[in-house]
Amino acid sequence: HSWLAVKAELKRRHVVDDDSCQLCKSSEETINHVLFDCPQVMLIWETCSFSHVCKDAPSSSFIAKVQWLYDKLDLGDFEALLGMIWAIWTARNLEIYGGERPKFDILVAGFIQLIKDYKLYTRQVYRNKVSNQVISFEQWTPPPIGWIKINTDATILQNGCATLGWVARDSNGTIIGMGVKRLRVARTPALAEAEAMRFALLCAQEQSWRHVICESDALSLISRLQSGSKGRAPSDLVLDDIRTLASCFSSLLSSHVKRCGNTVAHFVARLSPSGGDVQICNSNFPTSVRTRSEE
């Protein structure tokens with residue numbers, strides 16, 4: 116994203132001396148500031164239908180934020196987000212360089228319609244292409260009798276480091292285990308989500324759980340895991356570890372659940388481990404975790 120001509124990037128290239136935002140004048144003009152954090156646009160995000168998801172997105176970089184949002188939002192909301200980003204950038208340029216104050220809602224509606232039109236076009240052109248789309252569950256559901264379902268999540272902190280969390284429940288929905296781990300080196304969202312699943316499976320192996328469903332709200336993680344995709348990115352290496360761990364279980368499945376169905380793991384991933392960087396619980400679970408599991 117360094118190709119986008121915000122003033123922070125222009126200053127880095129010694130094009131300008133001042134990197135303050137051209138609209139609010141109070142912060143460094145980075146791409147994240149321009150599109151998400153400037154007072155001129157914050158109200159837009161606070162009032163959108165997926166504001167509760169946006170507020171938890173990492174701010175370490177624009178790419179990290181958008182990748183994280185892609186995993187957490189359903190397709191319709193993510194397309195709306197892209198339309199909003201497009202509209203914000205266009206409106207900003209019109210105001211700074213054209214002296215105009217365009218109606219934001221009209222811009223957003225127009226760009227979202229363009230996205231829909233493009234999707235319609237591609238469906239007509241590629242209508243015979245076989246879809247490998249991952250099935251997404253709307254809410255958490257208990258596993259079959261004799262199985263354990265482990266939900267995982269990762270939280271990216273302001274410094275780019277991450278906290279990993281998992282919670283395991285049986286067919287009655289009863290919590291039988293949970294874990295949280297703090298990482299002290301910066302991670303991308305994709306890597307952190309993969310490491311959260313690996314962390315959970317290593318703990319499940321120690322507990323000798325035999326039939327396990329590992330569930331995450333990270334769509335790209337589950338998609339890559341189920342498709343068997345290979346690569347050399349750090350997250351791909353973690354996926355290889357997860358596939359290797361599969362041999363330690365009698366049965367191991369993966370599934371994708373939308374954010375609203377992964378709230379307990381999301382909460383656990385925001386906890387601070389007590390007494391170190393890793394905390395594993397097999398009983399006496401925090402009341403706050405049990406309460407969320409029962410909601």
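For the record, in the sequence shown the residue sitting at position 287 is 402 according to our numbering, with numbers rising by one throughout.
Every residue, glycine too, gets a C-beta built ideally from N, C-alpha and C.
**Study point:** Leu188 - DSSP class collapsed to helix/strand/coil
**Key:** Here DSSP, grouped into helix, strand and coil, assigns Leu188 to coil.
Check your understanding: What three-state label does DSSP hand Ala172 in the structure shown?
Key -> Here Ala172 carries a coil assignment [DSSP, helix/strand/coil].
Point to revise | Any alpha helix (DSSP H) of 4 or more consecutive residues that is wholly inside the region 349-389 | key: Listed in chain order, they are 349-360, 378-383.
Review point. In terms of residue numbering, what span does the alpha helix (DSSP H) encompassing Lys296 cover?
Key: In this chain, Lys296 is not harboured by any alpha helix (DSSP H); it is covered by the beta strand (DSSP E) spanning 290-298.
**Study point:** Close beta carbons around Asp356, own chain, < 8 angstroms, minus the five adjacent residues each side
**Key:** Cβ neighbours of Asp356 beyond the five flanking positions: Arg313.
Check your understanding: Between which two residues does the alpha helix (DSSP H) harbouring Thr406 extend?
Key -> Annotation: the continuous alpha helix (DSSP H) that includes Thr406 extends over 402-409.
Review point. Hey, how far is the Cα of Thr256 from the Cα of Ala277?
Key: Taking the straight line joining both Cα atoms gives about 27 angstroms.
Check your understanding: Do Thr270 and Ala384 have their C-beta atoms within less than 9 angstroms of each other?
Key -> Between Thr270 and Ala384, the CB-CB gap stays under 9 angstroms.
Review point. Should Val121 go down as buried or exposed, given a rule of 16 or more other Cβ atoms within 10 Å for buried?
Key: Under this definition Val121 is a buried residue.
Exercise for review: Return yes when the Cβ of Leu316 is within less than 9 angstroms of the Cβ of Leu367, no when it is not.
Suggested key: The answer is yes: Cβ separation under 9 angstroms.
Point to revise | His326 - partner residues in DSSP beta bridges | key: BP columns for His326 point to Ser366.
Point to revise | Member of Glu330, Thr205, Ala224 whose CA lies at the smallest distance from the CA of Glu215 | key: Checked all of Glu330, Thr205, Ala224; the closest Cα to Glu215 is Thr205.
Exercise for review: Would you check if the distance between the CB atom of Leu196 and the CB atom of Cys163 is smaller than 9 angstroms?
Suggested key: Their beta carbons are under 9 angstroms apart, which means Leu196 touches Cys163 by this criterion.
Point to revise | Residue range of the unbroken beta strand (DSSP E) whose run includes Arg284 | key: Taken as a continuous stretch (DSSP letters only), the beta strand (DSSP E) holding Arg284 covers 277-284.
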